[in-house]
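In our numbering, the protein residues as written are 5 to 345.
Set out below in structure tokens:
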């Protein structure tokens, strides 16, 4: 309609795209409707569906068992606490022992969590942390693997998170893995963050999201992230790594590399023997028709009030601490009707 795009609406557009990259079950309507499609009575999707619905979770499902088998310990950082709750369901499914620290963790509990993870014979394999709450001031040198599930706007937040394992007393080689969805808004966010880091060392303090910047400047910056085209020459970086490449990334020795390759073969053989074998990621034929519609048609259906009345929040109980998402999905979709993004 020719109106200037609203920076707040643009920011929420990017937030919704980031949710999609992390896990579709962050949209409660999608999870509930899938449960109905699969005739699940619990109202939540559990088990293998948790990694089959998300490329990042599927990748974790190939990495974490290998790290546990070789006695490595993991710090896993997430931006969104609702995603952390989905992660907890996955850990329960895989019988991974873990601890969780986020913005709702009381100050008196933080020390206890750190002590339990840092014990000499600790049974905890994973420490799940929100980047903002757990990325600064913690000493977690007992871990030797850092996984950044989704990147922060400010690259220094991720660097501080990595430093949790690079502390005095660390004697093991530390590996840092950053997960990213290929050809998505995540690549553009990271590229923008790196560019701002090179220019002014910090994205947030570079004047783009502080009180000194104008609404027009913020709008132009956010539109640039949404609209910029993928630069040529990135084909190699955009390739999704196969099992062999992943094993090269995470193995600390030749023995570990050989073990990881053997575990991959055993996993594939076990999956091949399973009755009613399903692929590791959902295929279009498995999904309900409404979810495979044209995006514009799906958006119009969601906006329609009659459809909204049928969509509930689902029954997954989540700790609602959101550091950046200021609108609900319904409010965001309504905003999109009045602004050209």
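Beta carbons: idealized from backbone N, C-alpha and C, even for Gly.
Would you report the Cα separation of residue i and residue j, rounded to the nearest angstrom?
i, j, result
"residue 103", "residue 82", "13 Å"
"residue 249", "residue 219", "44 Å"
"residue 162", "residue 154", "9 Å"
"residue 324", "residue 107", "Reliability fails at residue 324, whose pLDDT of 44 lies under 50, so the model's placement of it is uncertain and no value is given."
"residue 133", "residue 181", "15 Å"
"residue 21", "residue 92", "22 Å"
"residue 111", "residue 119", "13 Å"
"residue 32", "residue 152", "24 Å"
"residue 287", "residue 296", "10 Å"
"residue 272", "residue 252", "18 Å"
"residue 96", "residue 263", "25 Å"
"residue 45", "residue 290", "18 Å"
"residue 244", "residue 269", "19 Å"
"residue 223", "residue 265", "48 Å"
"residue 283", "residue 124", "40 Å"
Got a sec? Which residues, its chain only, sit under 8 Å from residue i by beta carbon, not counting five neighbours each side?
i, result
"residue 109", "117 and 137"
"residue 281", "275"
"residue 267", "69, 70 and 73"
"residue 261", "251, 252 and 255"
Only counting the same chain, and skipping five residues up and downstream in sequence, which positions put a Cβ closer than 6 Å to that of residue i?
i, result
"residue 190", "25 and 184"
Where does residue i land, buried or exposed, given buried means 16+ other C-beta within 10 angstroms?
i, result
"residue 86", "buried"
"residue 17", "buried"
"residue 76", "buried"
"residue 300", "exposed"
"residue 15", "buried"
"residue 196", "buried"
"residue 317", "Because the pLDDT of residue 317 is 41, which lies under 50, any placement of that residue in the model is unreliable, and the number read from its coordinates should be weighed accordingly. So residue 317 ends up on the exposed side."
"residue 135", "buried"
"residue 30", "buried"
"residue 156", "buried"
"residue 278", "exposed"
Taking a contact to mean a Cβ-Cβ separation below 7 Å, would you say residue i touches residue j in this structure?
i, j, result
"residue 148", "residue 186", "no"
"residue 90", "residue 41", "no"
"residue 68", "residue 150", "no"
"residue 65", "residue 101", "no"
"residue 49", "residue 35", "yes"
Using C-beta distances below 7 Å, list every residue in its chain close to residue i, excluding the 5 sequence neighbours before and after it, in chain order.
i, result
"residue 94", "54, 55 and 61"
"residue 285", "56, 59 and 62"
"residue 88", "82, 104, 106, 132 and 134"
Rounded C-beta distance between residue i and residue j? I'm assuming under 8 Å.
i, j, result
"residue 254", "residue 70", "7 Å"
"residue 98", "residue 121", "Their Cβ separation, rounded to whole angstroms, is 18 Å, which puts residue 98 and residue 121 out of contact at 8 Å."
"residue 39", "residue 47", "6 Å"
"residue 131", "residue 144", "6 Å"
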